[in-house]
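Below you'll find the structure, written out as structure tokens, and then a few comments.
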Amino acid sequence: MLRRLTTKTLSTDPQLAAVRAHCAEHGDALCNAAALIDGDVGKARVLRLMSELRNASRLDRATRLRLVDLHRLLSLDPVIDEFEPDLSSWVLLDPASPEVEELCLITDRLYDLLVEIGELDDARDARALALQVYDAA
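All you need for our numbering is the position in the sequence shown, starting with 1, plus 8.
Written out as structure tokens, the structure reads:
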């Protein structure tokens with residue numbers, strides 16, 4: 009279904025590399041989970057995100073927000089506005105079904121990715137502050 013997430017552009021951005029690796033490993037599951045909740049619209053959201061990652065040279069703010077929005081969708085945590093799904097189209101899920109268990113696992117993995125991205129931000133900020141102190145001396 010999905011092509012391997014190749015890169016057309018080289019990047020030294022560790023956050024982009026982490027997101028690309030996550031999507032290469034879990035892309036099908038992300039598509040299936042989003043489709044389970046929001047049908048073809050949810051699946052298209054994931055495919056668009058993965059397409060953007062192929063051409064990106066760094067993980068920009070807009071892509072980060074799309075990742076957070078995807079996590080919110082998979083967490084069934086909507087905020088209604090023009091960019092959110094129409095809740096009337098959501099299917100009712102049986103909490104005991106294997107699909108819900110898989111949905112929870114993929115949502116947890118996406119959360120772990122978001123935490124990893126944040127930690128990489130913190131590490132980069134710490135290095136930048138250390139350089140400022142070193143340059144000031």
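Just so it is clear, CB atoms sit at the ideal spot from N, CA and C, and this is done for glycine as well.
DSSP three-state label for residue i, please.
i      : result
Thr20  : coil
Ala104 : coil
Asp129 : helix
Asp85  : coil
Please return the same chain residues whose Cβ sits closer than 8 angstroms to the Cβ of residue i, not counting the five positions on each side in sequence.
i      : result
Asp102 : Val108
Ser59  : none
Thr71  : Val27, Leu57, Glu60, Leu61, Ala64
Thr115 : Ala41, His79, Leu82, Ser83
In chain order, what residues of the same chain have a beta carbon less than 7 angstroms from the beta carbon of residue i, not counting five sequence neighbours either side?
i     : result
Leu55 : Cys39
Lys51 : Cys39, Ala42, Ala43
According to the neighbour-count rule (16 or more other Cβ atoms, all chains shown, within 10 Å of its Cβ), is residue i buried or exposed?
i      : result
Gly126 : exposed
Asp129 : exposed
Arg69  : exposed
Asp85  : exposed
Arg53  : buried
Leu111 : buried
Leu113 : exposed
Asp46  : buried
Leu100 : exposed
Please return the same chain residues whose Cβ sits closer than 6 angstroms to the Cβ of residue i, not counting the five positions on each side in sequence.
i     : result
His30 : Leu121
- Message: Restricting to runs no shorter than 4 residues, where is the alpha helix (DSSP H) found entirely within the stretch 27–82?
- Response: 69–82
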